[in-house]
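Novice: Mind looking over this structure? Questions follow.
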Amino acid sequence: MSTPLASSRPIAALNRLRHALIGLAWVSCASLLLSGCMSAAHIAQNLDNQARISETTQGITLLRAHISKLQAAGDPLGDYYYALGNSDGWIADVSDPQAITALFEKAAAKGSMDAKILLALQLASDDALPGRLDYSHGPSKDLGKWEQGLGQLLPLVQQQCSVRRLVVDDGRARTSYYSIAYDVWPHFRNGYFQYNGDGSRVLLKDPARQKLWEDIHRKCTIPQFEWIKP
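Just so it is clear: in the sequence shown, position 57 is 59 by this note's numbering, and no numbers are missing.
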């Protein structure tokens with residue numbers, strides 16, 4: 003999955019040099035010890051890594067400029083992207099989970115539907131902070147929070163089925179979309195536990211609620227290749 007820290011398209015010159023060095027490593031293996039044979043390939047790998055780091059840095063710079071432009075225009079999407087960037091970690095201005103949650107609440111108060119959705123999902127999953135879109139979300143032992151969060155989440159995803167995320171994909175900055183109902187319906191299909199006061203537990207499944215949330219997910223149209231322009 004694409005993240006703001008994932009980039010993999012080295013420039014042509016470095017790529018040609020990398021292949022040349024790998025070829026040199028194979029030729030050298032006839033007369034050198036293993037450590038010597040690996041050295042040229044290691045250099046080539048370092049060149050690849052440097053190219054990835056450079057492209058990722060350029061992509062993140064473009065994303066930060068995009069966020070600043072949205073915020074300057076008074077678009078709450080900019081505040082949402084800023085909050086999510088801090089949650090993802092590629093923006094390092096804020097690290098405390100409560101402070102990051104406050105950033106989402108600020109964006110939601112300004113009208114960001116994406117922020118409202120992730121705050122509701124945070125409540126349902128009892129997560130420390132909103133976001134974490136690369137991870138699964140589901141009920142904790144506190145099923146009261148699960149039901150409360152889903153009660154807030156359902157009308158939101160019925161209006162907007164996905165949330166946006168800024169990423170660097172193959173060296174290019176773009177907007178990625180995530181269907182949030184996908185985090186919900188499998189739990190009603192596979193079941194989750196209700197823990198009782200006597201130490202027992204009950205596996206809960208709900209085909210009707212599974213269908214409700216799965217239909218939202220299946221009908222959710224996800225745009226592709228929405229590149230961020232300088």
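Virtual Cβ for every residue (Gly too), placed ideally from N, Cα, C. Remember, it's a predicted structure, so these values are computed and weren't measured experimentally.
(1) Can you list, in chain order, the stretches of the alpha helix (DSSP H) that have 4 or more residues and sit fully within the stretch 93–168?
(2) Go to Y184, then tell me how far its beta strand (DSSP E) extends in each direction, as first and last residue.
(3) Three or more beta-carbon pairs under 8 Å between the stretch 206–217 and the stretch 184–191, yes or no?
(4) Please list, in chain order, all residues of the same chain as H68 whose beta carbon is under 6 Å from its beta carbon, the five residues on each side excluded.
(5) What is the C-beta distance between D81 and A109, in whole angstroms, given that I count them as a contact (C-beta under 8 Å)?
(6) Counting along the chain, where does the alpha helix (DSSP H) carrying Q226 start and finish?
(7) Give the straight-line distance between the Cα atoms of E57 and A74, rounded to the nearest whole angstrom.
(8) By a C-beta neighbour count over all protein chains shown, 10 Å radius and 16 as the cutoff for buried, is R167 buried or exposed?
(9) Quick check on Q124: buried or exposed, where buried means 16 or more other Cβ atoms within 10 Å of its Cβ?
(10) To which residues of the same chain is S181 closer than 7 Å at the C-beta, ignoring the five residues directly before and after it?
(11) Just reading off the alpha helix (DSSP H) that A75 is part of, what are its end residues?
(12) Look up G25 in the DSSP assignment and say whether it is helix, strand or coil.
(13) Please look up how many angstroms separate the CB atoms of L131 and P157, rounded, as I've assumed it's under 8 Å.
(14) Can you give the Cα-Cα distance for L23 and I55, rounded to whole angstroms?
(15) How many whole angstroms separate the CB atoms of V96 and L86, which I take to be in contact at a CB cut-off of 8 Å?
(16) Taking the Cβ atom as the reference point for each residue, do Q154 and A122 lie within a distance shorter than 8 Å?
(17) Once DSSP output is grouped into helix, strand and coil, what is the label at S178?
(18) Pull up the distance between the alpha-carbon of R174 and that of W92, whole angstroms please.
(19) Might you give, ordered along the chain, the residues of its own chain that have their beta carbon closer than 6 Å to the beta carbon of G201, omitting 5 neighbours on each side?
(20) Would you decide whether Y83 is buried or exposed? Buried here means 16 or more other CB atoms lie within 10 Å of its CB.
(21) Pick out whichever of M115, T103, P232 has its Cα sitting closest to the Cα of D128.
Specialist: In brief:
(1) Qualifying alpha helix (DSSP H) stretches, in chain order: 99–111, 115–127, 145–161.
(2) The continuous stretches of beta strand (DSSP E) do not include Y184, and DSSP gives it neither H nor E.
(3) Counting Cβ pairs under 8 Å, three or more are found: they touch.
(4) Excluding residues within five positions, the ones whose Cβ falls inside 6 Å are I230.
(5) Contact holds; Cβ gap of about 4 Å.
(6) Segment: none, Q226 is in no alpha helix (DSSP H) and carries neither H nor E.
(7) Taking C-alpha positions only, E57 is separated from A74 by approximately 26 Å.
(8) Label assigned to R167: buried.
(9) Classification for Q124: buried.
(10) Within the same chain, C163, S164, H219, C222, I224 come within 7 Å of S181 by CB-CB distance, once the 5 residues on both sides are set aside.
(11) No alpha helix (DSSP H) contains A75, which DSSP labels as neither H nor E.
(12) Because G25 carries a pLDDT of 45, less than 50, the predicted location of this residue cannot be relied on, and the following value inherits that uncertainty. It is helical.
(13) Under the criterion of beta carbons closer than 8 Å, L131 and P157 do not qualify as touching, at roughly 23 Å.
(14) Annotation note: pLDDT 40 at L23 (below 50); position unreliable, no value reported.
(15) Contact doesn't hold; Cβ gap of about 11 Å is too wide.
(16) Yes; because the gap between Cβ atoms is below 8 Å, this pair is in contact.
(17) Looking at S178 - three-state DSSP - the assignment turns out to be strand.
(18) Distance between the alpha carbons of R174 and W92: 15 Å.
(19) Cβ neighbours of G201 beyond the five flanking positions: none.
(20) A residue is called buried once 16 or more other Cβ atoms fall within 10 Å of its Cβ, and Y83 is buried on that count.
(21) That would be T103, whose Cα lies nearest to the Cα of D128.
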